[in-house]
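> Before I ask anything, let me first share the structure, which is written out below as structure tokens.
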Amino acid sequence: MPKWAIIYAIRKTYTTTVPTQGLEYATAIPVKSYIEIISAIQALVPTLSFEKPIFATFHDGEVHDPLGGGAYAFKDDLVEPVLLALINDEASSKGEICPWADNKDKKKYAKRDSETNNDGGTGLTNPLPTRDIIIHAGVQPNNSPHAGTLVVFCYAFSFARSILNRMEATVAHTDHRLPRVSVEITFVDTAPVNSHGIEIDGIQYQKSYRNVPGALGTFMADYEEVLSILSTWSNIPFTIAFQSDFFSQPIIPSLLQYVIAHHDILGSQLSPKYKKLALRASCPVLGCGLAEKHGRLNVYNGFDSSYEDSTMDSTSSRAMVTFHCPHHGPHFIRISEPAEVARLEANAPVRNLIRSMSYLLDTGRHHVRITGADYAGMYQEVFLYRPLAVWSAVTGLATGRTPHILYAPLIVDWSGAKLSKALYIDEGGYDVMKLLGADGLLSYAQLKSEFGGDGEEGLRRIWEEVQRWVADPRKLFRMFSVEYLHRVIVSGRHWVL
């Protein structure tokens, strides 16, 4: 149908069925006419753009938060179940000493455990954790943070604040000292720089952000600004860490000893495509920095496949991993050398497994991780919980304990696909968001420019929205559309609740 005919159909239907007083009398329109008008509009809209068609959808503006699953189980409170889980961890690990603790910390932990009662060590009617609590989140710093990342950050600080508020209320008018609550954001600076990847003989090689001069610093200022603002608003301290900090932990060599000793089984579990353990190390030759992406050419020497050392305090001096550079040949890392281990990289499933092991063995602090809901379900069951169960059974470590993970709602487009970084989407994939004025959700830098001034208003609206979700936990077990957030964040108006 020609554009003029569509417009004529809309005008004819509207003028012949709606009273002149206005749209407040729209109920006078017959249902059939509604359908005709909507159909005509839907046919018209794609013709308005010459380069790329856009499409119109309609809804009633009502927001539903139906109960079911997590939304039903935690509809009234999410903080209390987490606090109880942390208390149970303290009870189950009482007497255990953090494997990498120095003598001073060992004495401190022993004293703490000896003074801890069944009530969580507080003497209160409602027990509380006695160990410091760290709320973790991670991010690849390869773009200015988009709305999905900002939601995760806001969730981390808001939940940390909620935990602290709950504990402060519990100990009010007493002299009990509360554990410290903080947020830690880990930057995955080992993520690949897409423009520096190559493939040779079917093997993929990458350069990570930390190995490409200037790449890591491109967007760091945006992240640091966001985290500083959220820390101020929540009054929760934060730290940042990088992958070298993670692999520099004293416990990591012993965990690597186990993981690599079982690399055949874990490789098949954690990498269904290549069946290899995706450990990497960049070529140490100055100016190179290439790393074999999937660990397909790795050679492992000196690892005992029957390794079952439950003390986790020894690492074979012979254990080493040999990596391959397509230009400079083999190079290796000795597991007994901390400075060399700090150079290691791992893909997301391997990193997630080793990180979770280290959290479970840390009897000095509690660790709660917040990540996107796309990592829930089968991803964690296959890549984390099953390998952890075997590890615990083999070593006798962390018996009965599992990681504490909260999942942030995904921000999705019209089709239900999550809002992603522009570099993971086909060229021009989000052009329509710019056309509709929603591109502020694509990056913090753009969000700031939408509001002018110090640019904090857009972030504040996201922060306030996420705080509403934490206060009403039903909202944490669903997704939110770009259109929903556009109205709430960019336009500053709420939908019908």
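Just so you know, the sequence shown maps onto residues 195 to 691 in our numbering. We treat Cβ as the ideally placed atom computed from N, Cα and C, and that holds for glycine. Keep in mind it's a predicted model, so treat the numbers as computed, not measured.
Mapping DSSP to helix, strand and coil, what is Cys-519?
In the structure shown, Cys-519 sits in a strand (DSSP, three-state: E or B).
> Determine whether the beta carbon atoms of Ile-329 and Ala-350 lie at a separation below 7 Å.
yes
> Entirely within the segment 424 to 472 and at least 4 residues each: give me those alpha helix (DSSP H) ranges in chain order.
437 to 441, 446 to 455, 457 to 464
> Go ahead and label Glu-274 buried or exposed: buried means 16 or more other beta carbons lie within 10 angstroms of its beta carbon, across all protein chains shown.
exposed
> Considering only the beta carbon of each residue, do Ala-485 and Gln-400 sit closer than 7 Å?
yes
> May I have the straight-line CA-CA distance separating Lys-470 from Asp-498, to the nearest angstrom?
Each residue's Cα considered, the two are about 18 Å apart.
> Label Lys-642 either buried or exposed according to how many other C-beta atoms from any shown protein chain fall within 10 Å of its C-beta, with 16 as the threshold for buried.
Lys-642 should be labelled buried.
> If you draw a straight line from the alpha carbon of Pro-447 to that of Phe-441, how long is it in whole angstroms?
Cα-Cα distance, rounded: 8 Å.
> Would you report the Cα separation of Leu-670 and Val-420, rounded to the nearest angstrom?
21 Å
> From Ile-527 to Arg-668, what distance separates their C-alpha atoms?
Their backbone Cα atoms lie some 47 Å apart in a straight line.
> Which word fits Ala-285, buried or exposed, when buried means at least 16 other C-beta atoms lie within 10 angstroms of its C-beta?
exposed
> What whole-angstrom Cβ distance do Ser-552 and Gln-463 have, given they're in contact under 8 Å?
Not quite, the Cβ-Cβ distance comes to about 19 Å (not below 8 Å), so this is no contact.
> Alpha carbons only, please: which of Asp-666, Lys-288, Phe-645, Ile-599 is nearest the one belonging to Ser-550?
Ile-599
> Using the Cα positions of Val-406 and Leu-555, report the straight-line distance between them to the nearest angstrom.
34 Å
> Between Glu-245, Arg-580, Val-382, which lies nearest to Asn-541 when the distance is taken from Cα to Cα?
Comparing alpha-carbon positions, the option among Glu-245, Arg-580, Val-382 lying closest to Asn-541 turns out to be Val-382.
> Only counting the same chain, and skipping five residues up and downstream in sequence, which positions put a Cβ closer than 6 Å to that of Glu-677?
none
> Below 7 Å between beta carbons: does that hold for Cys-602 and Val-377?
According to the sequence displayed, residue 602 carries Ala and not Cys. Cβ distance not < 7 Å, so Ala-602 and Val-377 don't count as in contact.
> Measure from the alpha carbon of Ile-231 to the alpha carbon of each residue in Ala-250, Thr-380, Asp-620, Leu-604, then state which is nearest.
Ala-250
> Please state whether DSSP places Ser-476 in a helix, a strand or coil.
Of the three classes helix, strand and coil, the one that applies to Ser-476 here is coil, per DSSP.
> Buried or exposed for Leu-480, please, with buried defined as at least 16 other CB atoms from any protein chain shown within 10 angstroms of its CB.
exposed
> Inspect the CB distances between the segment 620 to 640 and the segment 584 to 595 and report whether three or more fall short of 8 Å.
no
> Is the segment 576 to 589 in contact with the segment 351 to 368, if contact means three or more CB pairs nearer than 8 Å?
The segment 576 to 589 makes no contact with the segment 351 to 368, as fewer than three CB pairs between them are under 8 Å.
> Taking only three categories from DSSP, how would you classify Met-361?
Met-361 sits in a helix when the DSSP states are folded into three classes.
> Go ahead and label Tyr-732 buried or exposed: buried means 16 or more other beta carbons lie within 10 angstroms of its beta carbon, across all protein chains shown.
No answer is possible for residue 732: the residues shown for the chain start at 195 and end at 691.
> Short of 6 Å in beta carbon distance, which residues of its chain neighbour Arg-563, apart from the five on each side in sequence? Order them along the chain.
His-330, Ile-599
> Answer with buried or exposed for Ile-529, where buried requires no fewer than 16 other C-beta atoms within 10 angstroms of its C-beta.
buried
> Decide if Met-506 is buried, meaning its Cβ has at least 16 other Cβ atoms within 10 Å, or exposed.
With a pLDDT of 46 at Met-506, under the threshold of 50, the modelled position of that residue is not reliable, and no figure is offered here.
> Quick check on the DSSP output: the beta strand (DSSP E) that includes Val-377 runs from which residue to which?
375 to 381
> Taking the C-alpha atoms as reference points, what is the distance between Gly-408 and Met-414?
11 Å
> Assuming Asn-282 is part of the alpha helix (DSSP H), what are its boundary residues?
273 to 286
> Thinking C-beta only, is Glu-644 closer than 7 Å to Gly-634?
yes
> Using the Cβ count rule (16 or more neighbours within 10 Å means buried), how would you classify Gly-342?
buried
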